[in-house]
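Worksheet: the structure to be examined is printed underneath.
Protein chains in written order, with the numbering used here: chain A, 1 to 318; chain B, 1001 to 1318.
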């Protein structure tokens, strides 16, 4: 098991990134509480820098590359929020960033990455091409790879979101359960570690779209499995776990539950209409799991990680 | 001029409604500040009870009807947020509410009003039919009318939004200009009075859709004018001023500026994408005015009233 991310690692990560990221607000909503019969505290990372929690892990990793003089440029591959997070963090530190993005990534996301001054390298939309693109960047520039989730520094950065949630609302009355979505597992494993160290009586449940159901299989078998099929509106959650994230999740997560796209879209619409905040489909997966299984959590004090709010307004699912 | 709404009236209104409404957050956004070259503080009434500032005026009026034993039921006519506000306030006080709504009001709004326990009376979609509907309700039930804006108690309630904005962010460095949208003028006249009493060095600018441009004409002529035509996405701002609101606006507002629907929709989309909050089209009118006229306000400290967030997610204008 991964014992390299200690409580001290997470505390240091938090101190390191604090000047550069937001301590995001925690919101509650009476209508949604009444609907589920529980008391939900939403940790709103849609209000985070670059519009998603990924800023935490990206900044934590890039700051350490600089502090340890590991390289003078940064690279990663991502079609989404991690690309922006790394570009943002590299610009903060004055380093060039080379972001390998699949050619079918939305133009708005490519433009956002370029807006942070990063160079975008397009590749075929598959994992092999992405990894090859990164290898070529490294050979050409000597850049250091900051992987989207298979990286202890990134995981420790993501853990700081739950650290804040627990500090702000989980002291006198600890949370019964905290729900986080799972794609590659960076957020879920970080959440699980923060809870393990800071609120050990709290359970953590991973929340996954049925249309990218690799984590639930891997959680059961103990091996990194592939999803039976990949088709979901939750475009931030389509990746597999890594050995690293699976090990942490198997040790510290209670269960993984899945929801359909229909349930995800209904939860997303509920949040937009009732809470008046913009969240992306991947962010709605955790609330969708709570709503679907509400009879199991009646009367509980619940934390829900809202992971981001980067949505193409021209392509809403409702 | 209306001198019945004194500073003390507004302070009393605030004390009266405080247990029942939210002190809403004030948000800022670096991207939008960079875009306009000014420092904007958004008073976010989309996070208010019932999703709009109208809760303030509705609660202030209904509490006084009860305290003064003026009647045992409440009525109003409205197709929108004021209908919900009055229904909400009446339920708080345990009074029956009879809301006259035009037959073409969205079903979702009729349902919301019924959800607060009010009786909805449908009428033809014109002002004469609405007023007749209210008269019939009064004859039948003895209900007291709480007009959407032609009512000092409602205006004093709406004034509390700017009172909070000034208390929270306008003390050490007063705002240069505060922008509020104008429909019937309840919010704009309340804003103007709060600023007059609490931040007299601050200018107030009214913001109006070109497709409902009655206030700008009335402001110039000194008489309540009708709009040349009525067609705007800002569905909360289609009403005329009253003599009462016009008098306050003429005395305490510096100017009224108009924007097109295209400019309103662009500002609305900008807020959704960048601030990650849901605002209704009427709420975007003030920011649209700031953006359109940004050269006039460079370097200023600006307040913008975000009036509400009740949007039909199935009918977004972008």
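Each residue gets a CB set at the ideal place from its N, CA and C atoms; glycine is no exception.
Test: residue i CB closer than 9 angstroms to a CB of chain B
i	result
residue 276 of chain A	yes
residue 26 of chain A	no
residue 320 of chain A	This structure does not reach residue 320 of chain A, given that chain A is present from 1 up to 318, and the question cannot be answered.
residue 187 of chain A	no
residue 309 of chain A	yes
Residue i versus residue j - alpha carbon distance
i	j	result
residue 1166 of chain B	residue 1174 of chain B	8 angstroms
residue 1188 of chain B	residue 1077 of chain B	20 angstroms
residue 1008 of chain B	residue 1160 of chain B	12 angstroms
residue 308 of chain A	residue 281 of chain A	9 angstroms
residue 1091 of chain B	residue 1062 of chain B	10 angstroms
residue 1116 of chain B	residue 84 of chain A	43 angstroms
residue 296 of chain A	residue 36 of chain A	10 angstroms
residue 1214 of chain B	residue 1235 of chain B	14 angstroms
residue 1182 of chain B	residue 1191 of chain B	10 angstroms
residue 278 of chain A	residue 1272 of chain B	7 angstroms
residue 200 of chain A	residue 1066 of chain B	50 angstroms
residue 248 of chain A	residue 195 of chain A	12 angstroms
residue 1203 of chain B	residue 1178 of chain B	6 angstroms
residue 42 of chain A	residue 1141 of chain B	44 angstroms
residue 1304 of chain B	residue 1274 of chain B	16 angstroms
residue 1229 of chain B	residue 99 of chain A	51 angstroms
residue 285 of chain A	residue 1311 of chain B	22 angstroms
residue 1030 of chain B	residue 1022 of chain B	25 angstroms
residue 89 of chain A	residue 40 of chain A	31 angstroms
residue 1101 of chain B	residue 1079 of chain B	5 angstroms
residue 258 of chain A	residue 289 of chain A	7 angstroms
residue 28 of chain A	residue 70 of chain A	42 angstroms
residue 1125 of chain B	residue 1237 of chain B	16 angstroms
residue 1221 of chain B	residue 1212 of chain B	16 angstroms
9 angstroms Cβ cutoff, residue i in contact with chain A
i	result
residue 1316 of chain B	yes
residue 1020 of chain B	no
residue 1014 of chain B	no
Buried versus exposed call for residue i [16 or more other C-beta atoms within 10 Å across all chains shown]
i	result
residue 1 of chain A	Confidence at residue 1 of chain A is low in this model, with a pLDDT of 42, below 50, so the placement of that residue should be treated as unreliable; the coordinate-derived value is given next. Residue 1 of chain A is exposed by the Cβ-count criterion.
residue 51 of chain A	buried
residue 1246 of chain B	buried
residue 1075 of chain B	buried
residue 223 of chain A	exposed
residue 1209 of chain B	buried
residue 48 of chain A	buried
residue 24 of chain A	buried
residue 127 of chain A	exposed
residue 148 of chain A	buried
residue 139 of chain A	exposed
residue 19 of chain A	exposed
residue 1110 of chain B	buried
residue 242 of chain A	buried
residue 1318 of chain B	exposed
Identity of the residues DSSP links to residue i by a beta bridge
i	result
residue 1077 of chain B	B/1100
residue 1053 of chain B	Answer by DSSP bridge pairing: none, since residue 1053 of chain B is not bridged.
residue 1133 of chain B	DSSP lists no partner for residue 1133 of chain B.
residue 303 of chain A	A/41, A/178
residue 277 of chain A	B/1277
residue 6 of chain A	For residue 6 of chain A, which the question treats as bridged, DSSP gives no partner whatsoever.
residue 1308 of chain B	B/1052
residue 1146 of chain B	None, per the DSSP bridge assignment.
residue 1209 of chain B	B/1259
- Task: Below 9 angstroms between beta carbons is the criterion; list the residues of the stretch 1033–1050 of chain B that meet it against any residue of chain A, in chain order.
- Result: 1044, 1046, 1047
- Along the stretch 1253–1284 of chain B, what residues have a CB closer than 7 angstroms to any CB found in chain A? 1269, 1272, 1273, 1276, 1277, 1278
- Taking a cut of 7 angstroms between CB atoms, which residues from the stretch 107–130 of chain A lie near chain B? none
- Task: Give the residues from the stretch 71–102 of chain A that approach chain B closer than 8 angstroms (Cβ to any Cβ), ordered along the chain.
- Result: none
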